[in-house]
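Worksheet: one structure, shown below.
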Amino acid sequence: MRELFLTICAPGIWVIVALEVFILILLIKEFKKEKKTIALCMGLITLGLIVDAAVIGLGELIPEGILPGLSRVRFVAHGILIPLLFPICGYALKAGKKIMTVVWGATAVVMILGAMEGFATDLELVSIAGVKRMLSGDGTPGWAEVITGILSFGTVIPLIICGIVAWIKQKNAYLFWAGFFMFAFSALGPATGNTDLLFFISMIGEVLMVGFFYLFAGKK
């Protein structure tokens, strides 16, 4: 499996970017058609994932003096946009205005923490499978690592739980599958001893997640 990932990593990133751009276009059309805030949130997350993957994919072409700055943008954008998974859960379950006010308040706090985490992350240059990128280095503060964990799993687990509820109450399983595949591919790297390739393996989960987002928004 490792040899497969090493072989397809560099070109695979651009396949994922292309798929995410296509899904983003579909979500934009869905938002324009129905004016659903949930589709807007899904589109913004997809946009953030496109930026993330594109910067990583361009790593070998970007001068090393510029790469840290673009990577910083990537980390900050990730910290700001991923918390939108919380209001997506709320809208998916048709929460009332009072509950959504609380959800958006909590989301704003996590967004601020996510931006702080992005700025505080110590960037370290690594190369693997023909891909050069910046990742979190040893100088990253402990509190920033905690925020990273919250953004990685503290947002996906509620997505899975809300997906189960939506599946039972609305007969719409797409939100569950979005969270399930994101979680599964995030765990696949460490489980197979390919933690150093997690950045690519998790991208597969990300494109599946936003694909099921579109299916969920369209069915609603």
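Counting from 544, one number per residue, gives the positions in the sequence shown under this note's numbering. Here a beta-carbon is modelled for each residue, glycine too, at the ideal position from N, C-alpha and C. Owing to the predicted nature of the structure, the values given are computational and were not obtained by experimental measurement.
Query                                                                                                                                                                            : Result
Residue 544 lies in the alpha helix (DSSP H); which residues open and close that run?                                                                                            : Here residue 544 belongs to no alpha helix (DSSP H), and DSSP marks it neither H nor E.
Round the Cβ separation of residue 564 and residue 600 to the nearest angstrom and send it over; I've been treating them as touching at under 8 Å.                               : Contact flag wrong, Cβ pair sits at about 12 Å.
Taking the alpha-carbon positions, what's the residue 505 to residue 640 distance?                                                                                               : The chain is shown from 544 up to 763; residue 505 falls before or after that span and cannot be answered.
Within its chain, find whatever has a CB closer than 7 Å to the CB of residue 567; leave out the 5 residues flanking it on each side and keep chain order.                       : 586, 589, 590 and 593
Note down the Cα distance separating residue 643 from residue 649, rounded to an integer number of angstroms.                                                                    : 10 Å
Based on Cα-Cα distance, which residue from 635, 657, 673 and 671 lies nearest to residue 714?                                                                                   : 635
So, at 7 Å on beta carbons, what are the nonlocal neighbours of residue 669 in its own chain, with the 5 sequence-adjacent residues on each side left out?                       : 676 and 678
Would you be able to state if there are at least three C-beta pairs under 8 Å between the stretch 610-628 and the stretch 677-697?                                               : yes
Using a Cβ distance threshold of 8 Å, determine whether the stretch 721-738 contacts the stretch 655-669, with at least three qualifying pairs required.                         : no
Drop a sphere of 10 angstroms on the beta-carbon of residue 622, count the other beta-carbons inside from all chains shown, and report buried for 16 or more, exposed for fewer. : buried
So, are the CB atoms of residue 631 and residue 707 less than 8 Å apart?                                                                                                         : no
Taking 7 Å as the limit between beta carbons, can you name the residues of its chain near residue 728, skipping five residues before and five after?                             : 744, 745, 747 and 748
Helix, strand or coil for residue 671, going by three-state DSSP, please let me know.                                                                                            : strand
Just confirm the distance between the C-beta atoms of residue 717 and residue 569, as a whole number of angstroms; I'd bet it's less than 8 Å.                                   : In fact, because the Cβ distance is near 13 Å, the residues do not count as touching under 8 Å.
Which ranges would you report for the beta strand (DSSP E) in the stretch 679-754 if only whole runs of at least 3 residues count?                                               : none
So residue 650 is in the alpha helix (DSSP H); what residue range does that whole segment cover?                                                                                 : 640-663
Just reading off the alpha helix (DSSP H) that residue 586 is part of, what are its end residues?                                                                                : 580-600
In terms of alpha-carbon separation, which member of 578, 607, 577 and 720 lies closest to residue 701?                                                                          : 720
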